[in-house]
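Below is one structure, written out as structure tokens; the observations come after it.
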Amino acid sequence: MDTFLQVLVNGIMLGGLFTIVAIGLTLIFGIVKVINFAHGEFLMVGMYLAYLLTVGLGVHPYVTVVALAPALFVLGALAQRFIIQPLLAARDEHVQIFATVGLSTALINLALMVFGADIVNTPSSGLRTPLEIGPVRVLIGQICILVTAVVAVIGLQLFLGRTNTGRAIRAVAQNRTAAQLMGINANRMHILTFGIGTACVGVAAALVAPLYPTSPNIGTYFVLTAFVVVVLGGLGSIPGALLGAMVIGVVDAMSGFYIGSDLREAVVFGMFLVILILRPSGLLGSRSTLSHVSP
Amino acid sequence: MRIRALAATSVLALTIMAPQAMAEVKFGALYPFSGPLALLGEESARGLEIAVDEINAAGGVQGEQVVLARGDAVDPNQAIGEARRLISLENVKAVFGTYSSSRSMAASQVAELSGIPYFELGAVADDITERGFTYVYRTNPTADSMAKLIVKMLVDKVAPALGKEPGDLRIGIIHEDSNYGTSVAGHQEDYGEEAGLNIVSVQGYPASIVDMSSIVLSLKEANVDVVLQTSYQNDSVLFLQQANEAGLKPAAIVGGGGGYSMMPTAEAVGTDLIEGVLDADFTQYAVNTDFTPGLEDFVAAYRDKYGSDPRSGHSLNNYVGAMAILQALDEADGLDPDAILKAVNAIDIENGTTAAGYGIKFGDGNQNERAFMMGMQWQGGKLVTVYPDDAAVAEMAITQ
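The listed protein sequences derive, respectively, from chains C and V.
Position 126 of the first sequence, counting from 1, maps to 126 under the working numbering, and the rest follow consecutively.
Position 215 of the second sequence, counting from 1, maps to 215 under the working numbering, and the rest follow consecutively.
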């Protein structure tokens, strides 16, 4: 029983990690509807920044979030304005996908050039200390990730639901043309949303960096799971991302322990397919359009 | 008339080319010089370059100075293209390489088809010398050698230190699931069963794993004494940290090269946590030099030429392989492919007489059957050789 609890808690902590990484993608993929393959590389850039700031200034890794969130916001907004937006006019909107793949490859190789292929380590500053709660052990850093993930989900949900800007963002997502007719500047909303999405990645980077070694490829480790989480939760649904991440995290941990590590991914992705077949719009998704050209 | 003109131009062409061809002999150096593997690709090539310098200083090969034509094997595709260029445009007599197994597999096929000898000095995948090729030789130890050494080390050293029979050790094998980890783990199982070890768990995982807690838990439940991990950097760090945090404390952890041989791994987990961890890899520098004569001279030559200490054992192992081949070619009768093959087939160098310790004699599939890896241990923040005894500079420290 103790082992089961430990596996369950491991799964929930993993879910927290997936949530914090995927939450920005929900905004970008679910609302701007850009399939952003460079999402993981934004995380990588953030983790390197967290490393440089932590080591350079000797501050606690969490303090770097003050610089990371704005820096990543700007990076994301620039990417949307100068890479994605000019391509919106392209005859085939899939061009953007390739643009983000190009951005991803460029960022990985840039990191290889600047930092080399070896890993770098952000000091863990006590965040790797295990806490014993009853029969289970968790790391302080993992709890921080989980708490931040839940707070971020609630915060973003309130922002999208209760503020005018949030309503405008959702309006653009639902029907771009109608939103423009209502006087909403759709391009600006997209830039803003993309920026908020990548700022979330900045927050994630500050939380993840002290727990995981940073390497140029670290983004690719997370990006596939992040897409799965977003699709499973329902496109554009913020609470869906949390639920999706928890499902993936717990199934991952359970199958890794009870079925075997070799079959873990087969189980996770098999379950993902079954849920999608049964609920094509995801766990909490409503039917929404994936196109920029509104119906 | 036309034939005569053709003959005349040919003669002219030959006379223009001839002096150059007489003065020097050209070999290919095919390594990843750019891209993600550039660092260790370059490091490997430096070993070859030092060997060439040494041979040239001693009068060259059959009186001709050796020059290297570089080919950049960024990926397997480009390795093929560069191998073609070296062979047909640069007209190299043989190709040396390659550090990376996937690039070696691809490029050596080109050499085999062209009938040009290909000398692999550093790639470890077993398959390279299991394809029945005639022109492809390998001087360095392989994935198979790694597993063999790890099992021998468990039987000879780890089990006695724990006061147990080898069959009483409970062993867990975990590995990343690409070709590298899977083949080493497969050989570990085979050699382990042969030696009567009790292997209780074998688990693969993708190298891009972000959480190993379920693997750690299952090893803990299986109550293992020894964990064997074949892994890259990221997953080595993750396992060592998560095992420590979950309270999994096996009597020995043995890594298979990769992440376990690298300083950044030790820095990531901290020298306390990696203290005592064992590892199998190519010969490194913290080794008993009585067993590796010439190692100090190599390091001195390296410092002279590149202005720093060698960054890894790759250069040393490439140097040893290249020296053996080049010295054999000096004895050969001409440098056509058949003469080269005849000369290298005759190589017979005893263990304990090269700078890497292992001897060289080509056996099945043109694999160097004397090549072996060494057992190392992290002690005081450094990776020191502890096995075999001839090469050890420190006692293996195993606490019960």
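Where is the CB? At the ideal position from N, CA and C, for every residue including glycine.
{"Query": "Any non-hydrogen atom of the ligand MN within 7 Å of Thr225(C) CB", "Result": "Absence of the ligand MN is noted for the structure shown, with no ligands found whatsoever."}
{"Query": "Rounded straight-line distance, which links the Cα of Thr54(C) to that of Leu112(C)", "Result": "20 Å"}
{"Query": "4 or more residues per run - each alpha helix (DSSP H) lying fully within the region 183-221 of chain V", "Result": "213-221"}
{"Query": "Interface residues of chain V facing Gly220(C) [CB-CB closer than 7 Å]", "Result": "As written in the sequence, residue 220(C) is Thr, which differs from the Gly given in the question. Residues of chain V passing the Cβ test: Ser208."}
{"Query": "Residues of its chain near Gly256(C), where Cβ-Cβ distance is below 7 Å and the 5 sequence neighbours each way are ignored", "Result": "Arg264"}
{"Query": "Under 7 Å from the C-beta of Gln80(C): neighbouring residues of chain V", "Result": "Per Cβ cutoff of 7 Å: no residues; Gln80(C) is ~27 Å from chain V at best."}
{"Query": "Among Gly71(V), Gly63(V), Thr399(V) and Lys382(V), nearest to Glu24(V) - alpha-carbon criterion", "Result": "Gly63(V)"}
{"Query": "Alpha carbon of Val345(V) to alpha carbon of Lys361(V), nearest angstrom", "Result": "The question names Val, yet the displayed sequence has Asn at residue 345(V). Going from the Cα of Asn345(V) to the Cα of Lys361(V) covers about 8 Å."}
{"Query": "Buried or exposed by the 16-neighbour rule on C-beta atoms within 10 Å, applied to Ile343(C)", "Result": "Coverage of chain C is limited to positions 1 through 295, which leaves residue 343(C) absent and any answer about it impossible."}
{"Query": "Coil, strand or helix - Gln20(V) by DSSP", "Result": "With a pLDDT of 45 at Gln20(V), under the threshold of 50, the predicted position of this residue should be treated as unreliable, and no value is reported."}
{"Query": "4-residue-minimum alpha helix (DSSP H) runs that sit fully inside the region 238-309 of chain V, ordered along the chain", "Result": "263-269, 271-274 and 295-306"}
{"Query": "contact_flag[the region 250-267 of chain V, the region 230-238 of chain V] where n(CB pairs < 8 Å) is 3 or more", "Result": "yes"}
{"Query": "N-terminal and C-terminal residue of the beta strand (DSSP E) that Gly172(V) is part of", "Result": "Arg170 to Glu176"}
{"Query": "Minimum Cβ-Cβ distance from Ala117(C) to chain V less than 8 Å", "Result": "yes"}
{"Query": "Residue-chain proximity (Gln78(V), chain C), Cβ-Cβ < 8 Å", "Result": "no"}
{"Query": "Beta-bridge pairing of Tyr180(V) - partner residues as DSSP gives them", "Result": "Beta-bridge pairing links Tyr180(V) to no other residue."}
{"Query": "Of the listed residues Pro86(C), Leu88(C) and Leu107(C), nearest to Met47(C) (C-alpha basis)", "Result": "Leu107(C)"}
{"Query": "Three-state class that DSSP yields for Met153(V) in the structure shown", "Result": "helix"}
{"Query": "Of the residues Ser145(V), Met105(V), Leu169(V) and Ile209(V), the one placed nearest Ala185(V), counting alpha carbons only", "Result": "Ser145(V)"}
{"Query": "Contact with chain C by Gly204(V), beta-carbon distance below 8 Å", "Result": "yes"}
{"Query": "Test item: CB-CB of Leu48(V) and Ala29(V) under 8 Å", "Result": "yes"}
{"Query": "Under the three-state DSSP convention, the category Lys361(V) falls into", "Result": "coil"}
{"Query": "Secondary structure of Asp348(V), DSSP reduced to three states", "Result": "coil"}
{"Query": "Contact residues within the region 168-195 of chain V, judged by C-beta distance below 9 Å to chain C", "Result": "Ile174 and Asp177"}
{"Query": "Contact with chain C by Leu39(V), beta-carbon distance below 8 Å", "Result": "yes"}
{"Query": "Contacting positions in the region 236-265 of chain V - beta carbon closer than 8 Å to chain C", "Result": "Val237, Leu238, Gln241, Glu245, Ala246, Gly247, Met262, Pro264 and Thr265"}
{"Query": "Endpoints, the alpha helix (DSSP H) within which Tyr137(V) is located", "Result": "First-last for Tyr137(V): Val136 to Arg138, but that is the beta strand (DSSP E), not the alpha helix (DSSP H)."}
{"Query": "Below-8 Å beta-carbon distance, Glu265(C) vs any chain V residue", "Result": "yes"}
{"Query": "Limits of the unbroken alpha helix (DSSP H) element including Ile133(C)", "Result": "Ile133(C) -> not in any alpha helix (DSSP H); beta strand (DSSP E) instead, spanning Pro130 to Ile133."}
{"Query": "Complete alpha helix (DSSP H) runs within the region 83-122 of chain C (minimum length 4 residues, chain order)", "Result": "85-88 and 95-115"}
{"Query": "Neighbour-count burial assignment, Gly247(V), 16 or more Cβ in a 10 Å radius", "Result": "exposed"}
{"Query": "Any chain C beta carbon closer than 8 Å to Ser213(V)", "Result": "yes"}
{"Query": "Spatial distance of Val416(V) from Val59(C) (CA atoms)", "Result": "In the structure as shown, chain V starts at 1 and stops at 400, and residue 416(V) therefore has no counterpart that could be examined."}
{"Query": "Local conformation of Asp338(V) per DSSP, three classes", "Result": "helix"}
{"Query": "Cross-chain neighbours of Ser218(V) in chain C, by beta carbon under 7 Å", "Result": "Phe257"}
{"Query": "Alpha-carbon spacing of Leu276(C) relative to Gly234(C), whole angstroms", "Result": "10 Å"}
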